[in-house]
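> Before I ask anything, let me first share the structure, which is written out below as structure tokens.
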Amino acid sequence: MKKAAPAAPERWRIDAGDGDVATLVIPPDSFRTRHFEIDCRLVVAALGAGAQHAMRVDVDGGLEWTRSAPTHNPGHTDSMDYHFRRELPVGQPLRIVVKTQARQARRVRLLIEAEEQG
């Protein structure tokens, strides 16, 4: 009996543009455990003095990470990033929700990317 060829690594991505919330759902796999490297990124532009931005990452309904920071680089962009790893057992989906806030700053881009590690 031949073994099935290994599947190409999965890649999932959601680009919410200048939206304030992004949700990425990785569906379950019925046959194998998977490991993912996940990157969440918020890019903002300062509009005035006292600019701030914040990002909250929830995974499967629970708080994973949160941070608030002054927005630097008036006239340019500033960013906030969070990277984490997650194992997905057989049959388990993964739901990642990133919520953002901006004060005296404009959201430029909100992105979630997940890449399966072999």
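In terms of this note's numbering, the sequence shown is residues -17 to 100. Beta carbons are placed, not taken as given, at the ideal position from N, Cα and C, and that holds for glycine.
Which word fits G44, buried or exposed, when buried means at least 16 other C-beta atoms lie within 10 angstroms of its C-beta?
G44 is exposed by the Cβ-count criterion.
> Between V25, I(-4), P10, which has its C-alpha nearest T82's C-alpha?
For T82, the nearest C-alpha among the options comes from V25.
> Please classify H35: is it buried, with 16 or more other beta-carbons within 10 angstroms of its beta-carbon, or exposed?
It is buried - the Cβ of H35 has at least 16 other Cβ atoms within 10 Å.
> Under 8 Å between the Cβ atoms of I20 and R68?
For I20 and R68, yes; Cβs fall inside 8 Å.
> Mind the definition here: the stretch -3 to 11 touches the stretch 50 to 57 only if three or more C-beta pairs lie below 8 Å; say whether that holds.
No contact exists between the stretch -3 to 11 and the stretch 50 to 57.
> To the nearest angstrom, how far is the alpha carbon of V41 from that of A27?
Roughly 27 Å between the two C-alpha positions.
> Pop quiz: P(-9) and E97 are said to be a contact at Cβ under 8 Å. What is the actual Cβ separation, rounded to whole angstroms?
So it is a contact: roughly 7 Å between Cβ atoms.
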